[in-house]
Amino acid sequence: MSSKPSSKGTKKKSTGDGNDATSESSTKTLKSSKLPKVFITRPSSQTSVKSFTKSYIHPLILQNLGIIPGGFVQLCKEGSNNGILAIAASLPEEEADGDNNVVQLSNSLRSVGNLILGDRLELKKHSAQPAYATSVVIGTLSGNLITDKSEKSIEKLLEDVGVITPGLILENVSCFVNTNDEDKVEESLIVVDVDGLPDVGKLSLKEEPQAASSLISCTLLFQRGCTKVQFTETTQVSSKYNIPQRTTYSQVGGLSKQIDLLKSTIELPLHKPTLFSSFGITPPRGILLHGPPGTGKTMLLRAVAQETQAHVLTINGPSIVSKYLGETEAALRDIFNEAIKYQPSIIFMDEIDSLAPSRNSDDSGEVESRVVAQLLTLMDGVGDSGRLVVVAATNRPNSIDAALRRPGRFDQEVEIGIPDVDARLDILTKQFTKMGKHNLTSEDIASIAGKTHGYVGADLVALCRESVMKTIQKALKSNINLTQFDDLKVSLTEVIDSMQEIRPSAMREIFLEMPKVYWSDIGGQDELKQKLKEMIQLPLEASETFNKLGVSSPKGVLLYGPPGCSKTLTAKALATESGVNFLAVKGPEIFNKYVGESEKAIREIFRKARAASPSIIFFDEIDALSSDRANGGGSTSASSNVLTSLLNEIDGVEELKGVVIVAATNRPDEIDPALLRPGRLDRHVFVGPPDFEARLQILINNTKKMNLDEQDVDLKHIAELTEGCSGAEVVLLAQEAGLAAIMEDLKCEQVHKRHFEKALSGISKGITEEMLEYYREFASRSGIEA
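Listed below in structure tokens is the structure:
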């Protein structure tokens, strides 16, 4: 009785090789094992052409999912619905004894899905059969054109492959190309285009979301004799397929020095560890990438993983932290054990400051201390011969535990800083080349690179994306059909407009909506304008000359003079005209009732300025922050500490690069002398009352929109009458004259001389001779002629 059900059960579970004992053992294993939630991407051990589009999966998993060998399986990254379609195959017997959570994929499949070794995948059964392709266009990665002599052999090759997808790479295929040599050569072929798919570019807005191109929907079957094969010199896959691009060194812009350093510190220990052991030394085990967010740390590591074909394990700081005792340390051990098992491997720890904070800080608790201790033990236990490298990234390197930053753990510290103008040009050139549809010249791109001070790589990518959005929005407003979108191109105008919305990452939380004030809006003050241009524009335009001559750029300038003489207005014009990042600091807002918060505010301002360099910090009413300590002005501990922090930031141990300080005051003698010495605010510029030409220019600027009686009103005569007035008083005169005209007649159409005379009689001059003498005395003490 019992033998019959057993026999039937055995037949149902049979693997087809006649070995019932093996089948019965597999059944027991299947019952006792759980189906893994995610599967680890590993390289395929099969090298035949037929293995190019096959995914090798443990037979128990295939049984559990109801997938027969030769059927189709969807492979999606964890948490994603967009994946690749592959032919399911059982792992060879000699490899089926290992872990059942491994999926072996060829380089061809991994290149299509932009997968790297170690990526976590979700498997799903795919029941529907893909359609047959009517034609396929094949190119070579080298750009050579395949000749018709190779048509039959490539048709046989594609028949063996069976499944074709745009972006599929077939490595080292023998074929004839259009060279003088008649012999066969080995080329890597790429599927550039296939016919039989919906053209997403010709769909309407309503149809596009439902019929959006994905990797699974792009997969078609090849049928010899029915699918036409064509050849092309093009190496780029059509953009309509939305194929993810592999991240390689060539796609990373502006980081050539860092790439060379990573090649020597990662690739050699991974692939040639014996080079180090032959010298009797251990290879470098850890690398710390530090720099502001968005500079390309994670992208750089992904490029390393693609180029080195290493098994990559990513640890995002908070993702492995558990509320249960010991689970976080166990998760770390599992990751290191997997890395040791699948060598060569790279462990990437993003935001390591949240995982291993300094144990000396007040924020560090018992859990953090145990995690740090476990991490130190694991890094020390890797061994000399292991092909394993640990790479960590952070934008707060001083916040991680000091025990990690020593040789033997993180040997190398690589700064991925904010790109300079050459690096920005490299990034933008790569982005616009990738975009393709633009009419920008190389000079236009260089101009954009020169204006995007403080932008990191992510900001520049966002700038390109925003310029595309503005181009599309402009087309939609012009009622252009979607079918004509192929003719759209991004112009310089859209990029310049996008710069108003895409600000540097470091500046977004302190972005100021500054009024647009230009040098021409300020009457006179030519010497002041010239000095400020020398301080701000010269170090930017002639930076190579400064470095060549060993001349350091000026640190700061103090604008002093009577109230209303355009000191603050000059700062506004400087923010508009210079094109660099501008931070405005209001003195009294710095002070805080809590101990240490005021000094922290100063440090934070300078940190942001450094991160967004080149930048200008403008301190209005600087005397409120830096009262003279000798005269008792800095008697309170808070004001004294703020001044000390300010002095240290401007010219302390940490060098201030790419940041210019501009301060304004009308009480220069109350400023502490330590702030006015050379190396800090060493340039003192007197902003005095406007002369005749300046007053005339102010009157002309402020009466442009007034309807003046030109025969009656003589602005030169009025400028002479305003001798001794400040610029603000001259502006007030023009406003009062207009107001007097309105009060005289609500329906007036012109402003006459009598209105200016009435306004002039009500203006009281705020600048006295004693006040000017006060500034002359300060200038004589400073050694500057006022």
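Using the numbering used here, you'd call the opening residue of the sequence shown number 52 and step up by one each time.
For glycine and all other residues, C-beta sits at the position ideal for the given N, C-alpha and C.
None of these values were measured; they are calculated from a predicted model.
The beta-bridge partner set that DSSP reports for LYS176 consists of VAL124.
By the Cβ criterion, the stretch 216–223 is not in contact with the stretch 196–203, since fewer than three pairs of Cβ atoms, one from each stretch, lie closer than 8 Å. In the structure shown, ARG516 falls within a helical segment according to DSSP collapsed to helix, strand and coil. DSSP places ALA497 inside the alpha helix (DSSP H), whose first and last residues are 493–502. Under the three-pair Cβ rule at 8 Å, the stretch 590–600 does not count as touching the stretch 746–764. Minimum Cα-Cα distance from LEU783 among the listed residues ASP796, VAL764, HIS768, LYS809 corresponds to LYS809.
Residue state for PRO94 is assigned as strand, using DSSP reduced to three classes.
DSSP, read as helix, strand or coil, puts ASP572 in helix.
Its Cα nearest to that of VAL736, the residue GLU578 stands out among ILE478, GLU578, GLU744. With fewer than three CB-CB distances shorter than 8 Å, the stretch 567–587 does not count as touching the stretch 544–555. Around the C-beta of ASN753, 16 or more other C-beta atoms lie within 10 Å, and the residue is accordingly described as buried. ALA179 is not a Cβ neighbour of GLY247, given a cutoff of 8 Å. In terms of Cα proximity to ALA139, the closest of ASN165, LEU111, GLU145 is LEU111. The beta carbon of PHE807 is closer than 6 Å to those of ILE769, ALA788 in its chain, skipping five residues each way along the sequence.
Using a 10 angstroms sphere on the CB of SER289, the tally of other CB atoms reaches 16 or more, which defines it as buried.
The beta carbons of VAL422 and THR365 sit no closer together than 8 Å.
According to the DSSP assignment, PHE657 belongs to the alpha helix (DSSP H) that extends over 648–662. According to DSSP, residue pairing for ILE189 in a beta bridge involves VAL242, PHE282.
Using a Cβ distance threshold of 8 Å, VAL242 and ILE189 count as a contacting pair. Around the CB of GLY739, 16 or more other CB atoms lie within 10 Å, so the residue is classed as buried.
The beta carbon of ILE673 lies closer than 6 Å to those of ALA714, THR716 in the same chain, with the five residues before and after it left out.
A contact between stretches requires three or more CB pairs, one per stretch, nearer than 8 Å, and the stretch 381–396 meets this requirement with the stretch 349–362.
By alpha-carbon distance to ARG734, the top candidate from LYS606, GLY615, ARG746 is LYS606. Only residues of its own chain outside the window of five on either side were considered, and among them SER102, TYR107, GLN155, LEU156, SER157 have a CB closer than 7 Å to the CB of SER95, listed in chain order.
Between VAL781 and LEU811, the beta carbon gap of about 10 Å keeps them out of contact (Cβ cut-off 8 Å).
Rounded to the nearest angstrom, the gap between the Cα atoms of SER696 and ARG680 is 14 Å.
In the three-state scheme derived from DSSP, where H, G and I count as helix and E and B as strand, THR346 is classed as coil.
For ALA444, the enclosing beta strand (DSSP E) begins and ends at 439–445. If only uninterrupted beta strand (DSSP E) runs of at least 3 residues are considered, those enclosed by the stretch 726–795 are 734–737.
The closest CA to that of ARG161, considering only ILE469, GLN357, LEU610, CYS277, is found on GLN357.
Counting only the Cα atoms, ARG475 lies some 46 Å from SER204.
Note: ASP671 is bridge-paired with LYS637, ALA715 in the DSSP secondary-structure output. With a minimum length of 4 residues, the unbroken runs of alpha helix (DSSP H) contained wholly in the stretch 592–638 fall at 594–600, 618–629. Short of 7 Å from the beta carbon of CYS269, and not among the five residues preceding or following it, lie these beta carbons of its own chain, in chain order: THR216, PRO217, LEU248, TYR292. Boundaries around GLY164 are those of the alpha helix (DSSP H), 158–164, since no beta strand (DSSP E) includes it. It is roughly 26 Å from the alpha-carbon of ASP796 to the alpha-carbon of THR773.
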